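Quick note on numbering: the sequence shown equals residues 0 to 343 in numbering that gives the first Met the number 0. A virtual CB, placed ideally from N, CA and C, is assigned to each residue, including glycine. Fair warning: this is a prediction, and the values are worked out from it, not measured in the lab. Here is the structure we will look at, set down as structure tokens.
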Amino acid sequence: MPSMLPGAPWLVAHKSMLPINQPRKISLYGNDYVMWKAVNGDIHALPNACPHMGAMLSEGWCEAGNDGSSRVTCPFHALAFDAKGHTVLPGSAKQTLPQLEPLELIIQGDFVWTYGGYEPKIPIPIALKDIAAKYSFIGHAADITVETDLLSMLLNMHDYNHQNGTHRDLFRINEVQFHKFIDQGHESHAYYDMPTAPYSLAEKLRRPDLFLLPETLKAHLENHFPSLVIFHGRSALGTLAQCHLFVPEAENRTRTYVLMFSQAKHPVFNLVGRTYLNFAQVVVEQDADILGKLYPDSPQTIKLNNEVGMDWVRRNFASFPEVTAPDLGRENDLPKPELSAQRL
Ligand code: FES
Ligand SMILES: [Fe+2]
0 MPSMLPGAPW LVAHKSMLPI NQPRKISLYG NDYVMWKAVN GDIHALPNAC PHMGAMLSEG
60 WCEAGNDGSS RVTCPFHALA FDAKGHTVLP GSAKQTLPQL EPLELIIQGD FVWTYGGYEP
120 KIPIPIALKD IAAKYSFIGH AADITVETDL LSMLLNMHDY NHQNGTHRDL FRINEVQFHK
180 FIDQGHESHA YYDMPTAPYS LAEKLRRPDL FLLPETLKAH LENHFPSLVI FHGRSALGTL
240 AQCHLFVPEA ENRTRTYVLM FSQAKHPVFN LVGRTYLNFA QVVVEQDADI LGKLYPDSPQ
300 TIKLNNEVGM DWVRRNFASF PEVTAPDLGR ENDLPKPELS AQRL
């Protein structure tokens, strides 16, 4: 089974994650790249190993040209490479042929997508573009690399039963009330409510951000296989779109981060944006923690209710890029309480 799904699009950055003229390392499919944003806003990516003696270009710096362009400079002997991989050798006035092959990027507004050099097999989801058009961008959080494979990372994101374990410290969730799962192939939607045990007033006064947690977390997850999950949160003050991104850096290394957008019904909602970013940071760190504490090949002999999201991930993984039997949701529309922990 292809473990990193070549042919899928990956969102490797939001432009706000790239300060102007500051090189940054991006990894995908076992390859490292240096990515940078020029003054004119153009984004570039080249293989990260300098063709002279292999120094990491991402550890170097950028030199700005007069026209808003910029070149990335190697930290070892200071050769500077332009966006196409040309350099000018010392003592020569002429630029060389390209020495590095740029990574092909697809820029949609502030979103930087790539197929990692593979032939596209499925399209870029348009959902993020829609959100960026209707919501305001709050920021990014929890950009972390986890020592785990892509499948394990995605299973965790689509596991609707791990709140009581992995996330118990933050949310104190009493139960998961699963409502429905709509399976549309590579897109799906899951709806569930999570009533929480309330924090005491004393606890809230010690940590005022807890006032922002609703008594019942109402979840609508909009899933776009394999790279994107959007958690839609609604409250009286406004709407939140917490976008979780996934990037297969290597077979056993997967990057994840969150882009947060909001639509305020009340101006205070935008002011508390940072708080939501902090919650997201905690959530992702908790997920990363448990992913590092799993035996990867241990057989599953117990199946819980509401594992339909994980069934959806496994089905799409196995049949990628095709979709077979896209109606997983039907039999799972309602939970079956009498089968709370069923033996396989
Ligand atoms: S290793 Fe990059 S310039 Fe020498
Ligand atoms: Fe989680």
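Residue i beta carbon near ligand 1 (any heavy atom closer than 6 Å)
i     : result
Leu78 : yes
Met52 : yes
Phe75 : yes
Cys49 : yes
Member of the options whose CA lies at the smallest distance from the CA of residue i
i      : options                           : result
Leu149 : Asn269, Arg254 and Asp296         : Arg254
Cys61  : Arg23, Gly29, Arg205 and Ala189   : Arg23
Met309 : Ser261, His265 and Asn160         : Asn160
Leu10  : Ile19, His43 and Tyr114           : Tyr114
Asp158 : Ala324, Ala126, Val271 and Tyr191 : Tyr191
Pro74  : Glu118, His13 and Asn47           : Asn47
Thr165 : Gly6, Asn315 and Lys292           : Lys292
Pro119 : Ile105, Phe110 and Val175         : Ile105
Phe187 : Ala12, Asn315, His13 and Pro295   : Before going on, a small fix: residue 187 reads as Ser here, not Phe. Considering only alpha carbons, the answer is Asn315.
His185 : Ala218, His223, Met55 and Ser91   : His223
Phe110 : His178, Leu127 and Leu56          : Leu127
His13  : Asp129, Gly84 and Leu244          : Leu244
Gly29  : Ala218, Ala63, Gly116 and Leu270  : Gly116
Asn304 : Arg70, Ser57 and His178           : His178
Gly6   : Ala218, Ala189 and Pro122         : Pro122
Cys229 : Leu216, Ala201, Ser199 and Ala189 : According to the sequence displayed, residue 229 carries Ile and not Cys. With distances taken between Cα atoms, Ile229 lies closest to Ala189.
Lys133 : Ala263, Leu216 and Leu327         : Ala263
Phe359 : Ser91, Ala201 and Leu45           : Because the chain here runs from 0 to 343, residue 359 falls outside it and cannot be looked at.
Beta-carbon gap between residue i and residue j smaller than 7 Å
i      : j      : result
Ala141 : Val246 : no
Ala268 : Gly232 : Reading off the sequence shown, one finds Phe at residue 268, where the question assumed Ala. Result no, Cβ atoms of Phe268 and Gly232 do not sit closer than 7 Å.
Val307 : Phe180 : yes
Asn155 : Asp286 : yes
Ala240 : Val257 : no
His51  : Leu78  : yes
Met34  : Gly138 : no
Arg252 : Thr323 : no
Ala37  : Ser15  : no
Ser135 : Ser261 : yes
Trp112 : Pro8   : yes
Glu250 : Ser2   : yes
Leu227 : Pro124 : yes
Gln94  : Val87  : yes
Leu102 : Tyr32  : yes
Thr147 : Leu290 : yes
Asp168 : Pro325 : no
Ala131 : Gly108 : yes
Ala63  : Asn20  : yes
Contact test: residue i Cβ vs ligand 2 heavy atom, cutoff 6 Å
i      : result
Leu286 : It should be pointed out that residue 286 corresponds to Asp in this sequence rather than to Leu. True, at least one ligand heavy atom lies under 6 Å from that Cβ.
Close beta carbons around residue i, own chain, < 6 Å, minus the five adjacent residues each side
i      : result
Ile172 : Gln162, Asn163, Met193 and Thr195
Leu4   : Pro225 and Phe319
Val175 : Tyr159, Tyr191 and Met193
His85  : Gln94, Thr95 and Pro97
Pro89  : none
Cys242 : Ile229 and Leu258
Leu216 : Met193
Residue i - partner residues in DSSP beta bridges
i      : result
Ser57  : BP columns for Ser57 are empty, so no partner.
Glu62  : Arg70
Asp182 : Ser187
Tyr32  : Ile25 and Pro46
Glu221 : His188 and Ile229
Met259 : Gly138 and Gln241
Pro101 : Per DSSP, none; premise fails for Pro101.
Ala235 : Per DSSP, none; premise fails for Ala235.
Pro247 : Thr253
Proximal residues to residue i (C-beta, below 8 Å), its chain only, five neighbours per side dropped
i      : result
Asp66  : Asn39
Gly272 : Ile137, Gly138, Met259 and Ser261
Residues near residue i by beta carbon distance below 7 Å, same chain, minus five either side
i      : result
Gln341 : Model confidence at Gln341 stands at a pLDDT of 40, short of 50, so the residue's coordinates are unreliable and nothing is read from them.
Pro197 : Glu214
Arg205 : none
Gly59  : Pro22, Val71, Thr72, Cys73 and Pro74
Below-7 Å beta-carbon distance, residue i vs any chain B residue
i      : result
Thr238 : You won't find chain B in this structure, because it holds only one protein chain.
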